[in-house]
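Letter 235 of the sequence shown, counting from 1, is numbered 610 in this note's numbering, and no numbers are missing. Notes to accompany the following structure.
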Amino acid sequence: MAPVPGMTRNLWNEVQGVTDLHPGLVFYRFLDPTAQGTDQFKPLREDLAVPYAGALLQRTKEHLQALQRLSWEVRCVEGRLDTRLAVGLGIPSPTENGLAMDHIHGIPIIPGSGLKGLCLDWAIEMAGLKAHDAMVTAIFGAQPPSPPPQGFRPKAGRAIFFDALPVPQNNSVPVELDIMNPHYGPYYSAPSANAPADYHKPNIIYFAVVPAGTVFRFALAVRPPFSVASGEPTAAYLADTLEQWLCGVLVNWGVGAKTRIGYGLFDENSLKAWS
376 MAPVPGMTRN
386 LWNEVQGVTD
396 LHPGLVFYRF
406 LDPTAQGTDQ
416 FKPLREDLAV
426 PYAGALLQRT
436 KEHLQALQRL
446 SWEVRCVEGR
456 LDTRLAVGLG
466 IPSPTENGLA
476 MDHIHGIPII
486 PGSGLKGLCL
496 DWAIEMAGLK
506 AHDAMVTAIF
516 GAQPPSPPPQ
526 GFRPKAGRAI
536 FFDALPVPQN
546 NSVPVELDIM
556 NPHYGPYYSA
566 PSANAPADYH
576 KPNIIYFAVV
586 PAGTVFRFAL
596 AVRPPFSVAS
606 GEPTAAYLAD
616 TLEQWLCGVL
626 VNWGVGAKTR
636 IGYGLFDENS
646 LKAWS
């Protein structure tokens, strides 16, 4: 079954080869599910460009400057991928495995929500903090447990994590192909009749990743406390702490999927501030 109506499919056939099409639209709606192997990804890899990637970074920069004028503390980090990045694999797509992309521009991104969750995990697992500590609730907020204890008051966090954006290089879409190569299919389908042996036929599955060497720009912002007398940490202190946690995550844990086998790691020596 085609993922788009016939009229739309006919229009797509007329514009194939045009390089200013939306990469996300092509990836999620117009890749041919009947194509074999790497041919399915050919339109994404060979026919598209992202000339507006620089404009998207400029918009983020202007947003950060506006927050600074409102007394928010802003921290910006740039880093280069040391390994491939697989992010958004669970997003449904014609290729079975998705890729996180900006919905409007179709540029591969690292969602800010994921970075926020990783920094929270770092705070608890590596910094030794607890979910109810003042530092954690100031940054990430306090959500009620179930059932909430008497007198509990939910609290919004003071930090904003922006989607990390790739720095454009030659207007090309920063995407390449990787493979998964399961070859125990007969064993999984009939374990009583087949051994989990290496002589079974491999089943190569292609999926899209962001290539190693791609440079991403990260940004976060922390608002000041509503009252100086509240005793909460300053925005500058929280922003500095968050920046350290984020850099720790990027270098030591990685982001996205398959981090246990080395995906999504950033080169520590490449980390620097950007403005």
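Here a beta-carbon is modelled for each residue, glycine too, at the ideal position from N, C-alpha and C. Computed from a predicted structure; not experimentally measured.
1. Excluding sequence positions up to five away, which residues of its chain have a Cβ less than 8 Å from the Cβ of Met376?
2. Just checking, does the segment 526-542 make contact with the segment 589-604 on the three C-beta pairs under 8 Å criterion?
3. Tell me where the beta strand (DSSP E) around Arg592 begins and ends.
4. Determine the burial state of Glu500: buried for a count of at least 16 other Cβ atoms within 10 Å of its Cβ, exposed for fewer.
5. Drop a sphere of 10 angstroms on the beta-carbon of Lys491, count the other beta-carbons inside from all chains shown, and report buried for 16 or more, exposed for fewer.
6. Scan the segment 406-464 and note each continuous alpha helix (DSSP H) run of 4 residues or more that stays entirely inside, going in chain order.
7. Check the C-beta distance from Gly473 over to Ile482 and give it rounded, since I have them as a contact under 8 Å.
8. Beta strand (DSSP E) containing Ile636: first to last residue?
9. Please classify Leu406: is it buried, with 16 or more other beta-carbons within 10 angstroms of its beta-carbon, or exposed?
10. For Ile554, which beta-bridge partners are listed by DSSP?
11. Taking buried to mean at least 16 other C-beta atoms within 10 Å of its own C-beta, is Arg450 buried or exposed?
12. Measuring CA to CA, which of Gly623, Gly637, Thr634 is closest to Trp497?
13. Please report the straight-line C-alpha distance between Leu646 and Leu396, rounded to a whole angstrom.
14. Within 9 Å (strictly less), CB to CB, does Ala498 reach chain B?
15. Relative to the C-alpha of His480, which candidate in Leu552, Leu400, Lys505 has its C-alpha closest?
16. Might you give, ordered along the chain, the residues of its own chain that have their beta carbon closer than 6 Å to the beta carbon of Phe515, omitting 5 neighbours on each side?
17. In the DSSP assignment, find the unbroken alpha helix (DSSP H) run with Phe654 in it and report its ends.
18. Between the alpha carbons of Arg384 and Asn556, how many angstroms are there, rounded?
19. Output the boundary residues of the alpha helix (DSSP H) element that contains Asp496.
20. With H, G and I counted as helix, E and B as strand and the rest as coil, what does DSSP make of Ala610?
Judging by the given coordinates:
1. Any reading at Met376 needs caution, since the residue's pLDDT is 44, under 50, leaving its predicted position unreliable; the model's value is listed next. For Met376, where only same-chain residues beyond five positions count, there are no Cβ hits under 8 Å.
2. yes
3. 590-597
4. exposed
5. buried
6. 417-421, 428-444
7. Gly473 to Ile482, Cβ: 15 Å. No contact.
8. Where Ile636 is concerned, there is no enclosing beta strand (DSSP E), given that its DSSP letter is neither H nor E.
9. buried
10. Tyr581
11. buried
12. Gly623
13. 32 Å
14. Among the chains in the structure shown there is no chain B, since it carries only a single protein chain.
15. Leu400
16. Leu495, Gly532
17. There is simply no residue 654 to check, as the chain begins at 376 and stops at 650 in what is shown.
18. 31 Å
19. 487-500
20. helix
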